[in-house]
Amino acid sequence: MAGSNIIDLNPELLSAAAESKAWPFEEAKKIIERYKGADFPETILFETGYGPSGLPHIGTFGEVARTSMVRHAFRVLTQDKVATKLLCFSDDMDGMRKIPDSVPDRSALEPHLHKPLSSVPNPFGGDYASFADHNNAMLCRFLDTFGFDYEFASATRYYKSGRFDAMLLRAAERYDQIMAVMLPTLGSERQATYSPFLPISPKSGRVLYVPMKHVDAKAGTITFDDEGTETTLSITGGRVKLQWKPDFGMRWAALGVDFEMFGKDHQTNAVVYDRICNILGGRAPEHFVYELFLDENGQKISKSKGNGLTIDEWLTYAPTESLGLYMYQRPRQAKKLYFDVIPRAVDEYYAFLAAYPRQDWKERLGNPVWHMHDGNPPAIDMPVPFSLLLNLVSASNAQNKDVLWGFISRHTQGVTPQTHPELDQLVGHAIRYFDDFVKPTKTFRPADDVERAALEDLDKALGALPAGANGEAIQNASLNVARKIERYQDHSKQSPEGGPGVSGAFFQMIYQVLIGQERGPRFGSFAALYGIAETRALIERALAGQLA
RNA sequence: GAGCGCGUAGCUCAGCCGGUAGAGCAACUGACUUUUAAUCAGUAGGUCAUGGGUUCGAAUCCCAUCGCGCUCACCA
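The opening residue of the first sequence carries number 41 in the numbering used here; numbering runs sequentially from there.
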């Protein structure tokens, strides 16, 4: 999505951008305001944080996607004259406090509890030296599949390389100030043992949460008790890390981060991060607080609860772009993230895409697709909405794309999987969505005696038809069956021969018994596409009681 | 306790840089000449939570109140 690509900067666009109220522009303007009356630094740094104890998830995607949108808006506003960078920072020096559920051999990790994730062996085997390396690689692969433009950063490597040393020494100098900020934010129990410095034990390799006995700013050392041994350790070179709140502030100060967004759960703490950053002589980045995602019951989505939707699940049923749209829209509102929102997101995406070419620049800059595609949305013709496809799959009970395409091409000429590959993709998504969500809710009912006889007659009638019979022929054959049955005679209608017409109840019965739905497409067309032999097999199964 | 968000048609929501209320679904009516429908036309339904303010004009901006939800206060 966002990249170091060339972006469009025509004059009308630029003047519309200056006025735009779209949230990425609002955020980008905060960064410009930040440097008002001064020169921009060499590179404007956008950061997103990532905790590598789990796999990348939908929140990771949202944060990177949204940050990329702000970055792009900034590039447009500054006419791309200022270099920008998105740093995806992995806090892989964090101690492994518990063993994740997802690993294969949990007991093998037990000896490594509380060690930095980058020192924990990789439980998945393979090419990566540590657990953190593995998860970091998963993150990068994840981001790469979406085409994000970013630079990966490992906390462990930054600490060990000495990149944070100057700031760590300053933190020792200003230890009292940092403590003065931190202590009031803690409960009394934690206050007693709190330390912003977390030494890595030379003895056990663990990240220690121990009180400081002495902090020597001049020597750049800390002294603490390590399981009975009084230990003095240099705070530089990755021997000591900072506790997370000071870590945020220190990192911002050390790297000169200009923008970092985070979820509402960080909001209260952000003030603390900022103050630490200031104490260390840095300027806190611009923030943007986004709302958390909720499940269908309005509960916060969390990995541990396993509620809500995973990114893989979303992408099983819909194209990536629909998820990008979801991320663009109303980031400050808590939105429900569950399966029901997918069809709407998909259809809205294509609707926005279709509207784009005929919009003026002001409207375009308010159109999500402009932000999602770095100002260069693709031209895609989507003749059939996703909601309609779902309807159709459900009605036809389609098991594969061919059946569905049969219906589609009947109604829209010149549309084929070749001319409309996106639609073809969507057809596949619709079938999967149907299988997983609609199908389980279907309720088949058994046929009573009259219905049973009617279906048997229908079966025979179908059997008498030639193999290639068309929809019309099948429809007429089934009507002939129904006309003989008293229950389905409708005397308010007339058959071609002058007798009573066929009641709609006949077809309703067919769908209730055969497909488990109240309605369906014209039966003749359905049977023609579904196949006469297949339809007869379906009747057989229904009569054998295998459906209800 | 602190912070954030929400309260608009039966349901899900859009509209919110102010200018006579919208969509989808549901409901109802009718057309399509054997009603099974990815069709078309139409109807109905809202004191835009409440009270005040700014304004010629407020669902939209400001203040207050009520209701609902979430987050943080242990860890990251």
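Beta carbons are placed, not taken as given, at the ideal position from N, Cα and C, and that holds for glycine.
query	result
Let me check one thing: in DSSP terms, what residues is Phe333 bridge-paired to?	Lys375
Output the boundary residues of the beta strand (DSSP E) element that contains Tyr90.	83-90
Relative to the alpha-carbon of Arg197, which residue among Pro161, Leu226, Leu209, Lys281 has its alpha-carbon at the smallest distance?	Lys281
Under the three-state reduction of DSSP, which class applies to Leu95: helix, strand or coil?	coil
Give the DSSP bridge partners of Thr272, in chain order.	Thr263
Taking the straight line between their C-alpha atoms, what separation do you get for Asn510 and Val478?	29 angstroms
Pick out whichever of Gly99, Ile84, Glu326, Ile218 has its Cα sitting closest to the Cα of Arg115.	Ile84
Could you tell me how far apart the beta carbons of Pro423 and Thr452 are, in whole angstroms, since I believe they sit closer than 8 angstroms?	5 angstroms
Using 8 angstroms as the threshold, is the C-beta distance between Met133 and Tyr215 below it?	no
Among residues of its own chain, excluding the 5 on either side of Met109, which ones have a beta-carbon nearer than 6 angstroms to its beta-carbon?	Pro64, His411
Straight-line CA distance for Leu54 to Asp421?	28 angstroms
Met549 by DSSP, collapsed to three states: which one?	helix
Quick one: is Asp314 buried, meaning 16 or more other Cβ sit within 10 Å of its Cβ, or exposed?	buried
Among the residues of its own chain, which have a CB less than 7 angstroms from the CB of Thr124, if the five just before and after it don't count?	Thr83, Ile84, Phe86, Arg111, Phe114, Arg115
Exposed or buried, Ala68, counting other C-beta atoms within 10 Å across all chains shown (16 or more means buried)?	buried
Compute the distance between the beta-carbons of Ile351 and Val221, then report whether it is under 8 angstroms.	no
DSSP three-state label for Lys281, please.	strand
Taking Ala324 as the reference, which of Ala310, Phe129, Asp141 has the closest Cα?	Ala310
Could you tell me how far apart the beta carbons of Ser332 and Lys376 are, in whole angstroms, since I believe they sit closer than 8 angstroms?	Reading off the sequence, residue 332 comes out as Leu, not Ser. Leu332 to Lys376, Cβ: 11 angstroms. No contact.
Beta-carbon within less than 6 angstroms of Ala42's beta-carbon, same chain only, minus the 5 sequence neighbours each way: which residues are those?	Residue confidence for Ala42 is low, a pLDDT of 43 falling below 50, so the modelled location carries little weight and cannot support an answer.
Which same chain residues end up closer than 7 angstroms to Glu52 when comparing Cβ atoms and leaving out the 5 residues on each side of it in sequence?	Trp401
Short check: CB of Leu49 to CB of Met178, under 8 angstroms?	no
Taking the Cβ atom as the reference point for each residue, do Leu127 and Glu59 lie within a distance shorter than 8 angstroms?	no
I think Phe426 touches Leu466, with their Cβ atoms under 8 angstroms apart; what is that distance to the nearest whole Å?	6 angstroms
Give the straight-line distance between the Cα atoms of Gly89 and Asp131, rounded to the nearest whole angstrom.	7 angstroms
Which same chain residues, not among the five before or five after Asp464, have their C-beta less than 6 angstroms away from its C-beta?	Pro457
Using a 10 Å radius around the Cβ and a threshold of 16 neighbouring Cβ atoms, would you call Asp287 buried or exposed?	buried
Measure from the alpha carbon of Pro397 to the alpha carbon of each residue in Ala385, Pro408, Ala419, Pro383, then state which is nearest.	Ala419
Give a yes or no on whether the C-beta atoms belonging to Ala212 and Pro92 are separated by under 8 angstroms.	no
Classify Arg106 as buried or exposed, calling it buried when 16 or more other Cβ atoms lie within 10 Å of its own Cβ.	buried
Give the DSSP bridge partners of Ala123, in chain order.	Thr83
Count the other CB atoms, across all protein chains shown, that sit within 10 Å of the CB of Ala584; report buried if there are 16 or more and exposed otherwise.	exposed
On the criterion of 16 or more Cβ atoms from any shown chain inside 10 Å, does Ile514 qualify as buried, or is it exposed?	buried
Given His469, which residues of its chain have a CB within under 6 angstroms of its CB, disregarding the five upstream and five downstream residues?	Tyr357, Ala358
May I have the straight-line CA-CA distance separating His531 from Pro540, to the nearest angstrom?	5 angstroms
Straight-line CA distance for Glu270 to Asp167?	38 angstroms
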